[in-house]
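A.B. asks: Have a look at this one.
Number of protein chains: 2
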Amino acid sequence: MKGFVHGGYAGNEGLALRDELNEKSPSNGEVKIKLKASGLNHRDLFIPDRHDASEPDVVLGSDGAGIVIEVGSEVKDVKVGDHVVINPGLGWRENSAIPPEGFQIVGFPGDGTFAETIVVPAENAVLKPESLSFEEAAVIGLAGLTAFRALFTRGQLKSDQTVFIPGIGGGVATFLLQFAKAAGARVIVSSRSEEKREAALKLGAHKALSNDEDWAKVAENEHVNLVIESVGAATFNRSLSLLKRGGTLVIFGSSTGDSIDFDLRSFFYGQYNLLGSTMGSAEEFNEMIEFVANHSIKPVIDETYSLNEIEKAFKHLSDANQFGKLAVSI
Amino acid sequence: MKGFVHGGYAGNEGLALRDELNEKSPSNGEVKIKLKASGLNHRDLFIPDRHDASEPDVVLGSDGAGIVIEVGSEVKDVKVGDHVVINPGLGWRENSAIPPEGFQIVGFPGDGTFAETIVVPAENAVLKPESLSFEEAAVIGLAGLTAFRALFTRGQLKSDQTVFIPGIGGGVATFLLQFAKAAGARVIVSSRSEEKREAALKLGAHKALSNDEDWAKVAENEHVNLVIESVGAATFNRSLSLLKRGGTLVIFGSSTGDSIDFDLRSFFYGQYNLLGSTMGSAEEFNEMIEFVANHSIKPVIDETYSLNEIEKAFKHLSDANQFGKLAVSI
Numbered sequence: 001m002k003g004f005v006h007g008g009y010a011g012n013e014g015l016a017l018r019d020e021l022n023e024k025s026p027s028n029g030e031v032k033i034k035l036k037a038s039g040l041n042h043r044d045l046f047i048p049d050r051h052d053a054s055e056p057d058v059v060l061g062s063d064g065a066g067i068v069i070e071v072g073s074e075v076k077d078v079k080v081g082d083h084v085v086i087n088p089g090l091g092w093r094e095n096s097a098i099p100p101e102g103f104q105i106v107g108f109p110g111d112g113t114f115a116e117t118i119v120v121p122a123e124n125a126v127l128k129p130e131s132l133s134f135e136e137a138a139v140i141g142l143a144g145l146t147a148f149r150a151l152f153t154r155g156q157l158k159s160d161q162t163v164f165i166p167g168i169g170g171g172v173a174t175f176l177l178q179f180a181k182a183a184g185a186r187v188i189v190s191s192r193s194e195e196k197r198e199a200a201l202k203l204g205a206h207k208a209l210s211n212d213e214d215w216a217k218v219a220e221n222e223h224v225n226l227v228i229e230s231v232g233a234a235t236f237n238r239s240l241s242l243l244k245r246g247g248t249l250v251i252f253g254s255s256t257g258d259s260i261d262f263d264l265r266s267f268f269y270g271q272y273n274l275l276g277s278t279m280g281s282a283e284e285f286n287e288m289i290e291f292v293a294n295h296s297i298k299p300v301i302d303e304t305y306s307l308n309e310i311e312k313a314f315k316h317l318s319d320a321n322q323f324g325k326l327a328v329s330i
Numbered sequence: 001m002k003g004f005v006h007g008g009y010a011g012n013e014g015l016a017l018r019d020e021l022n023e024k025s026p027s028n029g030e031v032k033i034k035l036k037a038s039g040l041n042h043r044d045l046f047i048p049d050r051h052d053a054s055e056p057d058v059v060l061g062s063d064g065a066g067i068v069i070e071v072g073s074e075v076k077d078v079k080v081g082d083h084v085v086i087n088p089g090l091g092w093r094e095n096s097a098i099p100p101e102g103f104q105i106v107g108f109p110g111d112g113t114f115a116e117t118i119v120v121p122a123e124n125a126v127l128k129p130e131s132l133s134f135e136e137a138a139v140i141g142l143a144g145l146t147a148f149r150a151l152f153t154r155g156q157l158k159s160d161q162t163v164f165i166p167g168i169g170g171g172v173a174t175f176l177l178q179f180a181k182a183a184g185a186r187v188i189v190s191s192r193s194e195e196k197r198e199a200a201l202k203l204g205a206h207k208a209l210s211n212d213e214d215w216a217k218v219a220e221n222e223h224v225n226l227v228i229e230s231v232g233a234a235t236f237n238r239s240l241s242l243l244k245r246g247g248t249l250v251i252f253g254s255s256t257g258d259s260i261d262f263d264l265r266s267f268f269y270g271q272y273n274l275l276g277s278t279m280g281s282a283e284e285f286n287e288m289i290e291f292v293a294n295h296s297i298k299p300v301i302d303e304t305y306s307l308n309e310i311e312k313a314f315k316h317l318s319d320a321n322q323f324g325k326l327a328v329s330i
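So the sequence lines, in the order shown, correspond to chains A and B.
Those letters in the first sequence? Residues 1 to 330, by the UniProt record's numbering.
Those letters in the second sequence? Residues 1 to 330, by the UniProt record's numbering.
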């Protein structure tokens with residue numbers, strides 16, 4: 001089968017679209033899925049530096065949706081012909097503070113979704129909402145799960161609250177905006193790009209902050225209940241300044257840098273909560289898919305590539321100028 | 001009456017023990033207490049710099065215990081002759097993320113407990129457990145409440161957990177150790193003073209860390225579930241390194257400095273919780289007094305001074321070499 005793999009050479013030189021990959025068969029409790037679409041994540045960009053090129057090649061990709069074409073023994077809840085979306089978390093079932101020992105993510109170290117077929121545990125094949133195309137379902141996985149855990153499990157967002165999402169535009173941030181709106185909350189976003197600010201306002205954001213002046217106005221007039229941070233060094237302390245005393249900042253990324261100066265005294269006097277978050281459990285994934293279906297949420301896809309164009313899609317993602325997700329049709 | 005006041009001159013020059021202070025009478029809903037003892041807190045040391053010397057003199061002191069000698073109208077639950085301990089928080093009733101508008105602490109801006117009598121709202125006069133002397137009851141207030149909120153409301157300590165308390169010796173830290181032990185938890189402390197480490201071990205600490213090597217051993221072998229920080233810059237990042245992934249660090253002080261370098265990435269990958277805390281509500285105060293009575297906890301008093309010796313007590317507190325609380329007999 002065809003697939004986009006890493007191996008043979010270190011770093012990006014080891015990336016290649018191959019035609020001759022072996023297909024696998026499902027073992028006990030596994031299912032084989034004919035992939036119809038997959039989605040890109042920043043995680044994919046980091047695998048070439050994390051995968052030891054002397055190890056066997058690995059198919060990249062964490063997100064995918066497709067049709068079940070074979071089921072292993074002892075599989076009960078999934079059957080051939082089911083249209084499914086893949087939960088990219090392997091081995092994290094019930095919700096918990098951290099994933100259990102042995103937890104992995106689809107697409108390294110095991111084979112991923114940038115291929116014509118994939119074999120995953122049956123519990124990772126979740127029925128696709130009928131309201132979504134394969135492409136729309138495929139791009140939800142990792143980003144939607146990360147957004148859902150940050151906003152609801154960790155951030156405990158309530159419908160009467162205001163949430164601030166700095167750096168709108170990326171996949172998770174766009175789901176954060178859609179999920180928070182669907183939950184009835186008021187959403188403020190920020191971006192240095194006028195195009196992204198406008199897209200966010202169209203998607204239901206109440207305000208889109210551009211410059212220091214905008215931030216200062218919010219800090220003065222309408223402190224927010226919850227901040228979901230993934231920008232990191234460039235915004236962290238400013239994000240904190242928008243937060244109501246007693247409020248919560250959930251952080252799941254730090255794309256502009258990890259290291260900040262942090263003032264302990266203003267933090268404890270304000271009785272703030274700073275909560276680290278990552279992608280989540282199967283329990284959260286299933287709730288999230290139900291939430292997406294119930295609220296008729298349509299994932300925002302910036303552009304869809306064919307599997308043959310996947311290197312262009314990688315380039316697009318690393319340029320970081322998209323609004324929403326990048327999908328791959330297979 | 002006699003009392004220890006600040007006024008007339010800025011800073012510590014404005015501190016004076018006076019004989020000719022006017023006593024107040026209880027208004028609607030208030031009670032007048034003949035103070036038998038009070039307790040010192042670091043907060044007392046900061047008031048001379050916070051109180052504008054051109055304003056009326058203020059009696060210092062947040063903690064006290066004594067006998068009710070007069071009750072205002074509409075007071076139902078407190079009667080003359082009751083032996084009471086004072087909840088130092090004014091206007092914070094039910095537990096909440098932050099205190100309500102108008103919240104104050106006894107002993108600035110209103111008059112405090114380093115005097116022969118005080119008038120407080122009846123709801124702030126809580127029946128003293130019979131197991132405690134007036135001195136023991138007096139020193140609990142602010143420190144016990146801060147420890148209780150940090151450990152239980154914020155830290156959600158469970159009996160099967162291990163809690164780390166850096167910088168054992170101060171009033172709050174000593175209550176933290178006693179409360180956590182009483183709750184059935186395993187307690188690790190640290191101090192650079194051998195004397196304090198030994199005192200903590202006698203009080204039930206499982207381990208008392210001295211140097212970098214001790215800290216490294218705990219980090220390697222037995223990460224803790226909960227850290228309660230008040231040391232600040234000198235220990236914060238090392239404290240975090242002892243914490244289990246998914247664990248919680250509650251911070252209510254930063255005595256060695258407020259500003260730290262903070263690594264966002266290791267924080268969110270670890271899915272840690274960093275929670276700011278302060279003193280607490282009346283609800284927590286009442287639970288805390290009940291907890292102290294039920295577990296027969298005896299507050300640790302390093303030294304007891306008479307009201308005439310209060311300047312010596314202030315000097316003792318600012319030297320920061322005590323283990324436990326400093327009391328004043330009145």
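For each residue, glycine too, the CB sits at the ideal point set by N, CA and C.
(1) Can you name, in chain order, every residue of its own chain whose Cβ lies under 8 Å from the Cβ of B:Ile47, other than the five neighbours on each side?
(2) Spell out whether any CB of chain A is found under 8 Å from the CB atom of B:Tyr269.
(3) As a quick exercise: from A:Ala147, A:Asp49, A:Val250 and A:Gly72, pick the residue whose alpha carbon is nearest that of A:Val224.
(4) For the region 255–286 of chain A, enumerate the residues whose C-beta is nearer than 9 Å to any C-beta of chain B, in chain order.
(5) According to a CB-to-CB cut-off of less than 7 Å, which residues of the region 92–115 of chain B neighbour chain A?
(6) Here's the rule: buried if 16 or more other CB atoms are within 10 angstroms of the residue's CB, otherwise exposed. What is B:Ala320?
(7) Given a cut-off of 8 Å, decide if B:Gly280 and residue 331 of chain B are closer than it, judged by their beta-carbon atoms.
(8) Check the C-beta distance from B:Glu135 over to B:Thr304 and give it rounded, since I have them as a contact under 8 Å.
(9) Based on Cα-Cα distance, which residue from A:Pro100, A:Val78 and A:Ser131 lies nearest to A:Ala293?
(10) List, in chain order, every chain A residue whose beta-carbon is nearer than 7 Å to that of B:Gly232.
(11) Could you pull out every residue in the same chain whose Cβ sits closer than 7 Å to the Cβ of A:Lys128, ignoring the five residues on either side in sequence?
(12) By how many angstroms is the C-alpha of A:Ile301 removed from the C-alpha of A:Glu309?
(13) By DSSP, does A:Arg245 sit in helix, in strand, or in coil?
(14) So the beta strand (DSSP E) A:Lys36 belongs to, where does it begin and stop?
(15) Please state if the CB of A:Gly155 and the CB of A:Leu226 are separated by a distance shorter than 8 Å.
(16) Report the option in A:Leu307, A:Glu283 and A:Phe252 whose CA atom is closest to the CA atom of A:Arg43.
(17) I'd like the ranges of any beta strand (DSSP E) spanning at least 3 consecutive residues and lying wholly in the region 115–200 of chain B.
(18) Under three-state DSSP, which class holds A:Glu213?
(19) In whole angstroms, what separates the C-alpha of A:Leu40 from that of A:Ser255?
(20) So, at 6 Å on beta carbons, what are the nonlocal neighbours of A:Ala233 in its own chain, with the 5 sequence-adjacent residues on each side left out?
(21) Using the beta-carbon of each residue, which ones in chain B are nearer than 8 Å to A:Phe252?
(22) Taking 8 Å as the cut-off, decide whether the C-beta atoms of residue 335 of chain B and B:Ser62 are in contact.
(23) Shortest alpha-carbon distance to A:Thr153 belongs to which of A:His51, A:Phe285 and A:Leu35?
(24) Taking Cβ-Cβ distances shorter than 7 Å, what residues in chain B pair up with A:Arg245?
(25) Can you give me the C-alpha to C-alpha distance between B:Glu70 and B:Gly81, rounded to a whole angstrom?
(26) Would you grab the beta carbon distance between B:Lys196 and B:Gly169 for me? Rounded to a whole angstrom, and I think it's under 8 Å.
(27) Using a C-beta cutoff of 8 Å, does A:Asp236 count as contacting chain B?
(28) In terms of residues, what are the limits of the alpha helix (DSSP H) holding B:Lys312?
(29) Residue 368 of chain B to B:Gly14, Cα distance in whole Å?
(30) Check the C-beta distance from A:Glu30 over to A:Val120 and give it rounded, since I have them as a contact under 8 Å.
(31) Have a look at B:Arg50 and B:Gly8 and give me their C-alpha separation to the nearest angstrom.
(32) From what residue to what residue does the beta strand (DSSP E) around A:Leu264 run?
(33) State buried or exposed for B:Glu74, treating a residue as buried only when at least 16 other CB atoms are found within 10 Å of its CB.
(34) Could you tell me which of A:Ile228, A:Arg186 and A:Lys2 sits nearest to A:Lys24, measuring between CA atoms?
(35) Please return the same chain residues whose Cβ sits closer than 8 Å to the Cβ of A:Glu194, not counting the five positions on each side in sequence.
C.D. replies: Result, derived from the coordinates:
(1) In the same chain as B:Ile47, and ignoring 5 residues on each side of it, the C-beta atoms closer than 8 Å to its own belong to His6, Val58, Leu60, Gly107 and Phe108, in chain order.
(2) Cβ-Cβ to chain A under 8 Å: yes for B:Tyr269.
(3) Answer by Cα proximity: A:Val250.
(4) The residues in question are Gly257, Asp258, Ser259, Ile260, Asp261, Phe262, Asp263, Leu264, Arg265, Ser266, Phe267, Phe268, Tyr269, Gly270, Gln271, Tyr272, Asn273, Leu274, Leu275, Gly276, Ser277 and Thr278.
(5) Along the region 92–115 of chain B, the positions whose C-beta sits under 7 Å from a C-beta of chain A are Ala97 and Ile98, read in chain order.
(6) With fewer than 16 other Cβ atoms within 10 Å, it is exposed.
(7) Outside the shown range of chain B (1 to 330) lies residue 331 of chain B, about which nothing can therefore be said.
(8) Right, their Cβ atoms sit about 6 Å apart.
(9) Among A:Pro100, A:Val78 and A:Ser131, the Cα nearest to that of A:Ala293 belongs to A:Ser131.
(10) For a Cβ distance threshold of 7 Å, residue set Leu264 of chain A lies close to B:Gly232, ordered along the chain.
(11) Excluding residues within five positions, the ones whose Cβ falls inside 7 Å are Ala65, His83, Val84, Val85 and Ala137.
(12) If I take the Cα positions, the gap works out to 16 Å.
(13) Strand.
(14) Its beta strand (DSSP E) spans residues Glu30 to Gly39.
(15) Yes. Within cutoff.
(16) The candidate whose alpha carbon is nearest that of A:Arg43 is A:Phe252.
(17) Residue ranges of uninterrupted beta strand (DSSP E) with 3 or more members, entirely inside the region 115–200 of chain B and ordered along the chain, are 117–121, 125–127, 162–165 and 186–190.
(18) It is helical.
(19) In a straight line, the C-alpha of A:Leu40 is about 16 Å away from that of A:Ser255.
(20) Closer than 6 Å at Cβ, skipping near neighbours: Thr256, Gly257 and Ile260.
(21) Near A:Phe252 (Cβ distances below 8 Å), the residues of chain B are Phe268.
(22) For chain B, the structure presents residues 1 to 330; residue 335 of chain B sits outside this window and is missing.
(23) Here the closest residue by C-alpha is A:Phe285.
(24) Within chain B, the residues near A:Arg245 are Ile98.
(25) Rounded to whole angstroms, the gap between the alpha carbons of B:Glu70 and B:Gly81 is 9 Å.
(26) Contact between B:Lys196 and B:Gly169 holds, since their C-beta atoms are separated by about 4 Å, short of 8 Å.
(27) Rather than Asp, the amino acid found at residue 236 of chain A in this sequence is Phe. Cβ-Cβ to chain B under 8 Å: yes for A:Phe236.
(28) Segment Ile310 to Asp319, the alpha helix (DSSP H) holding B:Lys312.
(29) Any answer about residue 368 of chain B is impossible in this case: the structure gives chain B only from 1 up to 330.
(30) Indeed they touch by this definition, with Cβ atoms about 7 Å apart.
(31) One C-alpha to the other measures close to 13 Å.
(32) It is not in any beta strand (DSSP E) - A:Leu264 instead sits in the alpha helix (DSSP H) that spans Leu264 to Tyr269.
(33) When all chains shown are included, B:Glu74 counts as exposed.
(34) The option with the nearest alpha carbon to A:Lys24 is A:Lys2.
(35) Correct list, in chain order: Ser210.
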